[in-house]
Amino acid sequence: MAAPFPTDRRHALIGQRLADQLGAPVQLVTVQEEGDRLLRGVAVCAGRIMSFVLEAEQQRVRTRPLFQLICRSRNH
Numbered sequence: 153m154a155a156p157f158p159t160d161r162r163h164a165l166i167g168q169r170l171a172d173q174l175g176a177p178v179q180l181v182t183v184q185e186e187g188d189r190l191l192r193g194v195a196v197c198a199g200r201i202m203s204f205v206l207e208a209e210q211q212r213v214r215t216r217p218l219f220q221l222i223c224r225s226r227n228h
């Protein structure tokens, strides 16, 4: 069994996985590790705040939007 990546390396990898999946740069806000199998957290990407879960066994990242910043313009 391989040694786990250092924490900062794992955070960089999850940030990259999210950016690849969402198509925009991602800023991690929180990351909580639950054993060796699960990472949970909150990230900001392109005006959206979302939660994410990375399941190590299935190599799957699930995201769920929590809040979206919307810009609206008004024409007078």
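First residue of the sequence shown: 153, per the numbering used here; consecutive thereafter.
Backbone N, C-alpha and C define an ideal beta-carbon position, used for all residues, glycine too.
From a predicted model like this one, the values you see are computed outputs, not experimental measurements.
Linking Gly-187 to Glu-207 through their CA atoms gives a straight-line distance of about 11 angstroms. Of the residues assessed, Ala-198 falls on the exposed side of the cut-off, its CB having fewer than 16 other CB atoms within 10 angstroms. For Gly-193, there is no enclosing alpha helix (DSSP H); the enclosing beta strand (DSSP E) has its first and last residue at 190-197. Per DSSP, the unbroken alpha helix (DSSP H) holding Gln-168 starts and ends at 159-174.
Exclusion of the five residues before and after Thr-182 leaves Gly-193 and Val-194 as the residues of its chain whose Cβ lies within less than 7 angstroms of its Cβ.
Taking C-beta separations shorter than 8 angstroms and ignoring five residues to either side along the sequence, Gln-211 has no partners in its chain. Following the DSSP letters along the chain, one finds Gln-220 inside the beta strand (DSSP E) bounded by residues 212-220.
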